[in-house]
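These notes are about the structure you will find just below.
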DNA sequence: TCCTTAGTTCAAAGGTTATTGAACAATTGG
DNA sequence: CCAATTGTTCAATAACCTTTGAACTAAGGA
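Residue numbers (full-length UniProt numbering), protein chains in the order written: chain A, 1 to 118; chain G, 1 to 118.
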């Protein structure tokens with residue numbers, strides 16, 4: 001873990017909610033939840049935003065404590081901080097993801113290129 | 001119900017999350033959840049923000065579909081739209097409120113003047 | 001009718017957010 | 001070493017958010 005992350009107890013509910021309130025970031029989190037346990041690099045999200053913009057949104061998610069980013073080579077391996085989020089806000093992440101999955105106004109996550117590699 | 005409200009299926013998850021991501025609005029929702037069933041007028045929230053500012057935040061909550069505002073005389077009676085939120089996003093509201101209650105960084109809700117009248 | 005109470009609307013200010021392209025750094029493979 | 005790959009930083013822009021005070025509307029009571 002190379003980049004600055006908040007500790008579990010520094011994670012703030014209003015900030016988490018505000019960060020998840022952006023459609024691009026919510027899509028990133030849904031994507032991560034689908035592939036839970038598998039660290040993904042930024043390029044997996046290039047269909048959601050430009051490279052520059054992704055860097056911005058991924059930093060927001062990391063700073064809020066929603067994701068963990070580890071530098072490996074020239075890549076960043078990104079994972080959901082489910083353990084810390086569940087400890088801090090039990091049930092919240094699951095109900096947000098379930099709500100997103102049930103919201104027909106949001107694009108379905110996990111089509112075509114999700115399966116190109118594991 | 002006099003003011004414009006979204007229908008249940010117009011309620012958008014990202015908008016709800018973004019709206020709840022503001023500390024003042026989150027406090028209002030916690031307050032409403034504590035007094036669930038009892039319609040509150042705006043003056044009940046004057047310890048959270050100025051009258052003008054409250055008008056702004058309550059409009060945001062109403063437009064997002066989080067609250068219902070009914071005009072009665074010169075008052076607005078405000079209630080949580082728990083029925084619609086639960087139908088649309090099961091468990092979300094409860095986990096947000098529980099998370100807020102468990103977040104020691106947020107001020108405790110429902111002290112002193114909550115009991116002045118029912 | 002006049003005043004008070006309850007809340008909204010308006011315009012302005014100041015701040016933050018999202019997005020972009022260009023330039024940059026760092027690692028890795030040839 | 002050179003070049004490609006991955007991702008970040010910077011500056012700029014446009015949009016949106018929050019907060020404020022002053023002015024306003026609408027209802028209710030004396």
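Note that the Cβ used here is the ideal one computed from N, Cα and C, for glycine as well. Source: prediction; values computed, not measured.
- The straight-line gap separating the alpha-carbon atoms of residue 23 of chain A and residue 29 of chain A is approximately 10 Å.
- Rounded to the nearest whole angstrom, the C-alpha separation of residue 58 of chain G and residue 74 of chain G is 16 Å.
- The region 33 to 53 of chain G and the region 10 to 22 of chain G do not touch, with fewer than three beta-carbon pairs separated by less than 8 Å.
- Contact annotation: in the region 86 to 116 of chain A, residues whose CB is within less than 9 Å of a CB in chain G are 88, 89, 90, 91, 92, 93, 94, 95, 96, 98, 99, 100, 102, 103, 104, 105, 106.
- Assignment of residue 78 of chain A by DSSP, reduced to helix, strand and coil, places it in the strand class.
- If you look at residue 52 of chain G, you'll find it in the alpha helix (DSSP H) that goes 51 to 64.
- Secondary structure at residue 105 of chain A: coil, using DSSP grouped into helix, strand and coil.
- The way I'd put it, the region 64 to 72 of chain G doesn't touch the region 94 to 108 of chain G; fewer than three beta-carbon pairs between them come closer than 8 Å.
- Closest in alpha carbon position to residue 36 of chain G, among G:60, G:79, G:42, is G:79.
- Residues of the region 18 to 40 of chain A that bring their beta carbon within less than 8 Å of a beta carbon in chain G comprise 18, 19, 20, 21, 22, 23, 26, in sequence order.
- Contact check for residue 61 of chain A against residue 25 of chain A passes: the beta carbons are separated by less than 7 Å.
- Residues 24 of the same chain have their beta carbon placed closer than 8 Å to that of residue 53 of chain G, with the five preceding and five following residues left out of the count.
- Note on geometry: alpha-carbon atoms of residue 38 of chain A and residue 7 of chain G lie some 38 Å from one another.
- Under a 10 Å Cβ-count criterion, residue 108 of chain G is classified as exposed, with fewer than 16 other Cβ atoms of the shown protein chains found around its own Cβ.
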